[in-house]
Amino acid sequence: MSSFIPEVCDALYDALADYIKIPNTEQKWMDIKTGFQLKWNFPGCIGAIDGKHINLRAPACSGSEFYNYKKTFSIVLLACVDDDYSFTYIDIGAKGRYSDGGVFSNCSLKRAIDDGSLNIPAESVIVADAAFPLQNNIMKPYPGNNLTTRQKIFNYRLSRARRIVENAFGILASRFRIFEKPIANNVKNTIKITRTSCALHNWLRKNDSNYLEPGLADYEDISTGITINGSWRQVPLRNFEDMGEDNTLTENGTTIRDRFADYFSSEGAVPWQTRFIH
Numbered sequence: 001m002s003s004f005i006p007e008v009c010d011a012l013y014d015a016l017a018d019y020i021k022i023p024n025t026e027q028k029w030m031d032i033k034t035g036f037q038l039k040w041n042f043p044g045c046i047g048a049i050d051g052k053h054i055n056l057r058a059p060a061c062s063g064s065e066f067y068n069y070k071k072t073f074s075i076v077l078l079a080c081v082d083d084d085y086s087f088t089y090i091d092i093g094a095k096g097r098y099s100d101g102g103v104f105s106n107c108s109l110k111r112a113i114d115d116g117s118l119n120i121p122a123e124s125v126i127v128a129d130a131a132f133p134l135q136n137n138i139m140k141p142y143p144g145n146n147l148t149t150r151q152k153i154f155n156y157r158l159s160r161a162r163r164i165v166e167n168a169f170g171i172l173a174s175r176f177r178i179f180e181k182p183i184a185n186n187v188k189n190t191i192k193i194t195r196t197s198c199a200l201h202n203w204l205r206k207n208d209s210n211y212l213e214p215g216l217a218d219y220e221d222i223s224t225g226i227t228i229n230g231s232w233r234q235v236p237l238r239n240f241e242d243m244g245e246d247n248t249l250t251e252n253g254t255t256i257r258d259r260f261a262d263y264f265s266s267e268g269a270v271p272w273q274t275r276f277i278h
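Quick note: the sequence shown, position 142, residue 142 per this note's numbering, numbers continuous.
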């Protein structure tokens, strides 16, 4: 039976690959920006990015290449998500020993952003966690424990917007149960299984109203700002592991983060934010 898996995955991905497509016009980016502003109160955001280790059986003759910091064998799934839980970009197959930041620095999305080929509007950012480098177009939390109120508010607002990618991974893993435990297959087939699952996820988001059933994703009481955990968090995600931290930052990225922090503590404040920083 396992010999049919790669053939089926190839056929499905060939049919559905267009459902994972990075926007390449300013209007498409603006639509995502509007979604993040309306749903998550984060202006200028064009996506949320994260990476997960996909655990698999130890590849033959691989040495430590696929051995990650949590002492399992894995490949990395790097994904960027829009405001509606859909993957706009995926990079699968980096060896488990690499960090999110390292994978991102070498991926085609980073190169396309840098060379300006994606028509991204000015003053656009992607939100990320501590595993990524701080850059002019990548925002990550302020590090440390002795933070000012202004910095804590920024971290809360960024975390709130970034929750969309956490949920996309959670929905994927809860719907495609192959991700509940290490995949008993080789690297090549694990890549095919993962990319096909991501494409199916996007296709189902657009074509099946029951795919994202009520309560599956986190949801928020808009009057209080309280987040209710989605049911996907009750599914043991033993095969989705977080990445290590990346402490790289740029001067321009620091300046832009400070501007966001100023905005979120002034005219860009939401009524409930101070309740969630203490």
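Backbone N, C-alpha and C define an ideal beta-carbon position, used for all residues, glycine too. Please read all numbers here as calculations on a predicted model, not as lab measurements.
Residue environment for Arg111: exposed (fewer than 16 other C-beta atoms within 10 angstroms of its C-beta).
Burial is judged here by how many other beta carbons sit within 10 angstroms of a residue's own beta carbon; Ile226 has fewer than 16 and is exposed. Distance from the Cα of Asp50 is smallest, within the candidate group Pro121, Ala269, Ser159, Ala11, for Ser159. Pairwise C-beta distances place the stretch 87-96 in contact with the stretch 182-201, as three or more of them are shorter than 8 Å.
In the structure shown, Tyr211 falls within a coil segment according to DSSP collapsed to helix, strand and coil.
Under the DSSP definition of a beta bridge, His278 lacks any partner.
Ile126 carries a strand assignment under DSSP once its states are collapsed to helix, strand and coil. The beta carbon of Tyr142 sits closer than 7 Å to those of Gln151, Phe154, Asn155, all from its chain and outside the five residues before and after it, given in chain order. Assignment of Asn202 by DSSP, reduced to helix, strand and coil, places it in the helix class. DSSP places Cys80 in no alpha helix (DSSP H) but in the uninterrupted beta strand (DSSP E) bounded by 74-81. Taking the Cα positions, Gly44 is about 11 Å away from Leu38. Burial state of Ala199 is buried, judged by a 10 Å Cβ sphere holding 16 or more other Cβ atoms.
In chain order, Phe73, Gly96, Arg97 place their CB closer than 7 Å to the CB of Tyr67, counting only its own chain and leaving out the 5 sequence neighbours on each side. For Asn167, the enclosing alpha helix (DSSP H) begins and ends at 149-175.
For Asn252, the enclosing alpha helix (DSSP H) covers residues 251-264.
Note: Glu220 is bridge-paired with Thr227 in the DSSP secondary-structure output. Within the same chain, and ignoring the five residues on either side of Leu77 in sequence, the residues whose Cβ sits closer than 7 Å to its Cβ are Gly51, Lys52, Ile54, Ile90, Ile92, Thr194. Just so you know, the alpha carbons of Ala161 and Phe42 end up roughly 7 Å apart. Beta-bridge partners of Gln234 (DSSP): none assigned. A residue is called buried once 16 or more other Cβ atoms fall within 10 Å of its Cβ, and Gly102 is buried on that count. Glu26 is not a Cβ neighbour of Asn136, given a cutoff of 8 Å. For Lys206, the closest alpha carbon among the candidates Ile5, Asp262, Tyr19, Ser3 is that of Tyr19. CA-to-CA, the gap between Gly47 and Lys71 works out to about 30 Å. For Cys80, same chain residues with a beta-carbon under 6 Å away, outside a window of 5 residues either side, are Gly47, Ile49, Thr88, Tyr89 in chain order. Cβ neighbours of Thr250 within its own chain (closer than 7 Å, five residues either side excluded): Leu134, Gln135, Asn136. C-alpha of Ala217 to C-alpha of Phe276: approximately 20 Å in a straight line.
Our two residues, Phe4 and Trp40, have alpha carbons roughly 42 Å apart in a direct line. Buried is the label assigned to Ala128, since at least 16 other Cβ atoms lie within 10 Å of its Cβ.
Annotation for Asp91: no alpha helix (DSSP H) segment contains it, though the beta strand (DSSP E) segment containing it runs 87-95. Taking all protein chains in view, the Cβ of Gly253 is crowded by 16 or more other Cβ atoms within 10 Å, so the residue is classified as buried.
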